[in-house]
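Colleague: Structure provided below as structure tokens; questions to follow.
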Amino acid sequence: MSEKQTSQEPIEDLKAEQEQPVAEAAETEEAVEVSSENWEAKYEEAENRYLRLRADFDNYRRRIQKEEEAKVKYRAQSLITDILPALDNFERALNIEVSDEQTQSLLKGMQMIHSSLLEALKGEGLEIIEAVGKTFDPHLHQAVMQVSEDGVEPNTVVEEFQKGYRLKDRVIRPSMVKVNE
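Be aware that the sequence shown starts at 4, since it is given in the numbering used here, and climbs by one per residue.
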């Protein structure tokens, strides 16, 4: 029996030695699969981060482009806004009554200058907001008085105290108006 035991021991040792590389190979294969899954997850995460950053950058580029276009479109707004009070005074001066021919000639010259100035401002995109007889629009008009007049539709502008102006599609000064109740 001792001979059988000794002959079985080398067989068991041999089996154990053969099973050990198989077990190690299985462990290595599992580790490779886990590692591969980790790499796939990391790759997917990096790709998602890249796509989000790219979308953020595209949005940033579009926003900057819009801001630049608006800056070009409304470049004259500051200057025009500063000129409007002088333009109002100019129009008040044109509304004076003149009696002699010399003053009439001077008034005509001032009207020509006024027209020329308005044309230059219109060339930059300035538009006068029409008010009298129009329905009151809080985006275009600033109501400073309300009256009750017969024969006039409710919520209609009946008088304009100060002209309103729009630069392209932006209101730079609303019309100051009197509105029928």
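The beta-carbon is built from N, C-alpha and C at its ideal position, and this holds for glycine as well.
Using 8 Å as the threshold, is the region 155-164 in touch with the region 98-110, meaning 3 or more CB pairs across them?
Modeller: Touching, no, given that fewer than three Cβ pairs across the two stretches are closer than 8 Å.
Colleague: Just verifying my parser: in three-state terms, what is the DSSP assignment at HIS210?
Modeller: With the chain covering only 4 through 184, there is no way to say anything about residue 210.
Colleague: Quick one: grab the DSSP three-state call for VAL101.
Modeller: Looking at VAL101 - three-state DSSP - the assignment turns out to be coil, as it is neither helix nor strand.
Colleague: Of the choices THR138, TYR46, LEU170 and LYS74, whose alpha-carbon is the least far from that of LEU121?
Modeller: Comparing Cα-Cα distances from LEU121 to each of THR138, TYR46, LEU170 and LYS74, the minimum goes to LEU170.
Colleague: Should LEU97 and LEU110 be called a contact, given that it needs their Cβ atoms to be closer than 9 Å?
Modeller: For LEU97 and LEU110, yes; Cβs fall inside 9 Å.
Colleague: If we ignore side chains and look at the alpha-carbon of each, how far apart do PRO177 and PHE164 end up?
Modeller: Rounded to the nearest angstrom, the two C-alpha atoms are 11 Å apart.
Colleague: Which partner residues of SER178 appear in the DSSP bridge assignment?
Modeller: Answer is HIS144, bridged to SER178.
Colleague: How should VAL150 be labelled, buried or exposed, when 16 other C-beta atoms within 10 angstroms of its C-beta is the threshold for buried?
Modeller: VAL150 should be labelled exposed.
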